[in-house]
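In this text, residue positions in the sequence shown follow the working numbering: the first is 2, and each later residue adds one.
Glycine included, C-beta positions come from ideal geometry on N, C-alpha and C.
Please read all numbers here as calculations on a predicted model, not as lab measurements.
Please read the structure below before turning to the comments.
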Amino acid sequence: MIDNQILKNKTILYAEDESIIQDGVTETLNLFGLNVICAENGEEALSLFKNSENKIDLILTDIKMPRLDGLGFIKKVREVNNDIPVIITTAHQETNYLMQSIELNISAYILKPINIYKLEEILIKAIEPSVLKEQLIEKNKKLEIEIKKNKEKQKIMEAQSRFAAMGEMISMIAHQWRQPLASIGTASFNLKYKLNSEKYDLTTQKGRDEQTDFFSKKLDEIEFYVQNLTTTIDDFRNFYRTDKKLSKTCIENPIKNSLKILQKDLQTNNISINLDLKSKKLINIYENEITHVFLNIIKNAADKFLEKQIVDAEIKIITSDLEDKVKVEIIDNGGIIEKENLDIIFEPYYSTKKEKNGTGIGLYMSKTIIENNHDGKIVVENTNDGVCFSIILDCMI
Ligand SMILES: Nc1ncnc2c1ncn2[C@@H]1O[C@H](COP(=O)(O)OP(=O)(O)O)[C@@H](O)[C@H]1O
Ligand SMILES: [Mg+2]
């Protein structure tokens, strides 16, 4: 807080024509820690002030002085600077001086002889507002820098999360494509084999028909698998589209989208999904973002099942309608989260899978999406059935 340290190293311009008084007061001002610039009349004071390059923090001036008096001096100062604190000293107790001083926005008015014990207090009071203002400006600047830094950090994290998501997407596409690609390979190999082995007797109608049948069956198969590949790409492309548009939908849709994307992964790892989707109310959401949240949560559960080699792995997803909200619970039976970790799993970069490419961003981004972008709530708790992530979103009225 403010104390008498406030005067330390501040510069005061002191105008006083009587040298004995000037010497004495200057000594006192020095004792307070002030740098003192002295002037013997208003004119000199004004020229010192104008040449000071804003280095003067405070003005102390007598009124009656030769050439230009104290009030005339301050009037000129006020033309260029309305903020600098000014204290007036005078031996004249005249009210019109007082009135003029008030108009000039004077901080204090001291009668001579100056009581030096009072002087320190008056100086502090005079300079306090401008120092506080400076401190406030300084704090504001720091705050602005901090806010800018945070915004940049957020951007970096969003980019990291997009990269992580893209990595996951590529591995999931690769996964989903493996089987149809293998089937296309087998079909075309068989076609080539038949052609080479010339198994059909093309001199007879029967042989020609058999060949046509075989070829069209194989070509249908290839077409079916190509369709399958295309659908996979479309699903992912829709999901990773960057356009941000709110859509009115049921919570069921993003849940099903995420399951569609994860379907192969879950099947391969024998993870069963138990759906109890009761919610029918409409919500206004960024559907891709919410899909991403479900994807993150379900993927985390799947990671844990694999790591712990859980046999009867199951993820239960329950949705329900509350009065003006929609609730989703995602429960996995892969064991609980240590109590001390429950609070930190949403923190950025917290991951227990660092050596397996864990980024620790999934849940942080999920929380940002739910709580910042959708004004909702996401919490995690250990229940008798296992780890439960609950998400609550406002529904449309
Ligand atoms: N269902 C869950 N059960 C147990 N631990 C979990 C579960 N979901 C997340 N976690 C923990 O939270 C951490 C952070 O998750 P996340 O932010 O998705 O990052 P990452 O998956 O890259 O590690 C995980 O590393 C894991 O330790
Ligand atoms: Mg994760």
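- In this structure Gln-177 is buried. Its beta-carbon is surrounded by 16 or more other beta-carbon atoms within 10 angstroms.
- A Cβ-Cβ separation of about 4 Å places Thr-62 in contact with Gly-71 under the 8 Å criterion.
- Contact check for Ser-108 and Pro-86: beta-carbon distance about 4 Å, within the 8 Å limit, so the pair qualifies.
- In the DSSP assignment, the residues bridged to Thr-320 are Leu-278, Val-329.
- The C-alpha of Gly-43 lies about 42 Å from the C-alpha of Glu-145.
- Around the beta carbon of Phe-50, 16 or more other beta carbons sit within 10 angstroms, so the residue counts as buried.
- For Ser-248, the CB contacts under 7 Å within the same chain, skipping 5 residues up- and downstream, are Ile-286, Glu-288 in chain order.
- Annotation note: the region 211-251 contains no uninterrupted alpha helix (DSSP H) run of length 4 or greater.
- The continuous alpha helix (DSSP H) containing Glu-45 extends over residues 43-51.
- Spanning the alpha carbons of Lys-149 and Asn-82 requires a straight line of approximately 32 Å.
- Fewer than three beta-carbon pairs drawn from the region 194-214 and the region 388-397 are found closer than 8 Å, and the two stretches are therefore not classed as touching.
- Non-local C-beta neighbours of Ser-131 in its own chain, meaning closer than 8 Å and more than five positions away in sequence, comprise Asp-58, Asp-84, Ile-85, Pro-86, ordered along the chain.
- Ranked by Cα distance from Met-170, the first of Tyr-15, Glu-17, Asn-297, Val-26 is Asn-297.
- Leu-32 and Tyr-118 have their C-alpha atoms spaced approximately 12 Å apart.
- The C-beta separation of Leu-120 from Thr-91 comes to about 14 Å, leaving the pair out of contact by the 8 Å criterion.
- Ser-162 and Gln-268 have their C-alpha atoms spaced approximately 25 Å apart.
- The residue from Arg-79, Ala-166, Arg-68 with its alpha-carbon nearest to that of Asn-358 is Ala-166.
- With distances taken between CA atoms, Lys-77 lies nearest to Leu-105 out of Glu-54, Tyr-98, Leu-105.
- Within the region 11-43, the complete beta strand (DSSP E) segments at least 3 residues long are 12-16, 36-40, listed from N- to C-terminus.
- Considering only Lys-65, Val-312, Ile-60, the residue with the shortest C-alpha distance to Ile-125 is Ile-60.
- DSSP, read as helix, strand or coil, puts Phe-295 in helix.
- For the options Glu-253, Thr-292, Lys-281, the alpha carbon positioned closest to that of Ile-262 is the one of Thr-292.
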